[in-house]
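Undergrad:
Residue numbers (this note's numbering): 2 to 413.
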């Protein structure tokens with residue numbers, strides 16, 4: 002059985018407000034490790050200001066300089082980072098690591114959190130989301146419905162990072178924390194293991210009108226075409242500097258989770274990184290140099306593959322999430338879409354940021370549906386949020402869209 006060395010992940014906290022906290026990872030390598038590490042850092046709400054990573058294909062060394070947050074639980078972050086590091090076993094001839102296939106995590110159990118409230122209030126859904134985030138409960142899908150008499154029923158399909166939700170103590174802790182934020186409005190609250198037929202059918206129906214609004218127009222419209230050719234983003238491929246690696250030089254505007262978006266794209270395209278560096282400056286721009294190769298150990302020479310990868314990377318720099326506010330008859334609907342990793346993991350904190358933006362705008366949520374849908378040979382997480390019609394008069398649709406996008410992108 003493999004072991005994880007305790008010094009595989011080291012965190013040196015910043016001593017001053019103007020310093021960065023340094024996270025060092027020194028462990029066996031695996032495909033997609035950089036993506037997994039960056040996803041966890043994003044999940045903890047941290048921004049990567051600088052990064053260096055190198056690997057020989059067997060062992061990797063990664064350093065992240067992150068912007069400190071006073072509320073960060075550093076011990077918990079270290080624990081979560083250790084969990085994605087491959088285990089290794091020492092032997093007389095050196096240190097070997099297990100083949101990644103033996104380390105694939107088993108599917109997590111899905112639980113149904115259901116509660117009724119006597120009335121709704123602005124910011125209620127964000128307060129609930131914040132509690133679940135603090136308890137490390139991951140939201141897979143949400144159904145929110147407001148009855149004609151004003152009562153609200155919320156259904157959350159969740160998984161537990163700690164894998165303890167099957168215990169009465171963990172459920173009682175969760176319900177207790179929810180009662181604190183919901184107060185006297187809570188009528189009832191239950192947590193139960195979702196039935197297998199429900200857990201296996203988290204994908205919901207997506208009307209063609211929604212698909213057209215969020216996919217066809219941005220991808221085919223003139224503005225989107227101009228954005229992809231924007232001078233603000235530069236991606237250059239160079240095969241002249243290494244006999245076995247392609248150098249990719251990336252320049253563009255920084256956003257929250259940018260390193261994760263790049264790593265996720267390379268992981269999904271089965272591209273390996275041998276060496277890389279990342280730097281974000283005070284002006285809001287970023288630079289990244291990556292020495293990459295294909296899974297066969299060769300550089301990328303095929304023009305078609307190079308152009309396809311370039312387009313994917315450019316899209317992640319310009320349009321990592323899609324946000325729109327549209328009319329649904331007399332109603333106003335907020336749409337947010339983000340790609341899902343091939344491993345099945347979604348982007349962290351999307352629903353958290355959406356509800357926070359609407360709370361800031363003082364807009365009440367009438368109903369919510371979160372589902373996953375396969376469109377254009379990719380899986381997407383789609384957030385459909387019906388807004389209270391009276392509150393929509395307090396902000397224009399462009400203002401709602403801009404506020405949500407800024408919160409998601411970290412442009413505050």
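Don't be surprised by glycine CBs; every beta carbon is placed ideally from N, CA and C.
1) Can you grab the Cα-Cα spacing for the pair residue 10 / residue 82, in whole Å?
2) From residue 160 to residue 140, what does the alpha carbon distance come to, in whole angstroms?
3) Residue 421: buried (16+ other C-beta within 10 angstroms of its C-beta) or exposed?
4) Could you tell me whether the region 330-340 touches the region 279-298, using the rule of 3 or more Cβ pairs below 8 Å?
5) Can we say the region 347-367 touches the region 381-391, given the rule of at least three CB pairs closer than 8 Å?
6) With C-beta atoms as the reference, is residue 355 less than 8 Å away from residue 405?
7) Taking the beta strand (DSSP E) that residue 10 belongs to, which residues open and close that run?
8) Spatial neighbours of residue 298 within its chain, please: C-beta separation below 8 Å, excluding the five flanking residues on both sides.
9) Given this structure, state the Cα-to-Cα distance separating residue 66 from residue 111, to the nearest angstrom.
10) Would you mind sorting residue 347 into buried or exposed? The rule is 16 or more other CB atoms within 10 Å of its CB.
11) Residue 47 to residue 118, Cα distance in whole Å?
12) Nearest-angstrom Cα distance between residue 190 and residue 44?
13) Could you tell me the distance, in whole angstroms, from the CA atom of residue 130 to the CA atom of residue 144?
14) Within 10 Å of its beta-carbon, does residue 184 have 16 or more other beta-carbons around it, so buried, or fewer, so exposed?
15) Could I get the ranges of all uninterrupted beta strand (DSSP E) runs contained in the region 51-75, with 3 residues as the minimum, in chain order?
16) Please report the straight-line C-alpha distance between residue 411 and residue 358, rounded to a whole angstrom.
17) Would you mind working out which of 63, 34, 8 and 21 sits nearest residue 277, comparing C-alpha positions?
18) From residue 80 to residue 7, what does the alpha carbon distance come to, in whole angstroms?
19) Does residue 120 pass the burial test, meaning 16 or more other C-beta atoms within 10 Å, or should it be called exposed?
20) For the alpha helix (DSSP H) containing residue 317, list its first residue and its last residue.
21) Per DSSP, which one or two residues make a beta bridge with residue 155?
22) Tell me where the beta strand (DSSP E) around residue 290 begins and ends.
23) By the three-class DSSP mapping on this structure, what secondary structure does residue 140 have?
24) In angstroms with no decimal places, state the Cα-to-Cα distance between residue 413 and residue 362.
25) Do residue 123 and residue 360 come within 8 Å of each other at the CB atom, strictly closer than that value?
26) Give a yes or no on whether the C-beta atoms belonging to residue 156 and residue 113 are separated by under 8 Å.
27) Given this structure, state the Cα-to-Cα distance separating residue 195 from residue 57, to the nearest angstrom.
28) Taking 6 Å as the limit between beta carbons, can you name the residues of its chain near residue 126, skipping five residues before and five after?
29) List the residues that DSSP assigns as beta-bridge partners of residue 17.
30) Restricting to Cα atoms, I'd like to know which of 272, 28, 303 and 253 is closest to residue 279.
31) Tell whether a beta-carbon distance below 8 Å holds between residue 68 and residue 38.
TA: In short, the structure shows the following:
1) 7 Å
2) 7 Å
3) This structure does not reach residue 421, given that the chain is present from 2 up to 413, and the question cannot be answered.
4) no
5) yes
6) yes
7) 10-13
8) 245
9) 34 Å
10) buried
11) 33 Å
12) 26 Å
13) 13 Å
14) exposed
15) 60-68
16) 11 Å
17) 63
18) 10 Å
19) exposed
20) 304-319
21) 116 and 145
22) 286-295
23) strand
24) 14 Å
25) yes
26) yes
27) 43 Å
28) 356 and 366
29) DSSP, once it has assigned bridges, lists no residue as partnering residue 17.
30) 253
31) no
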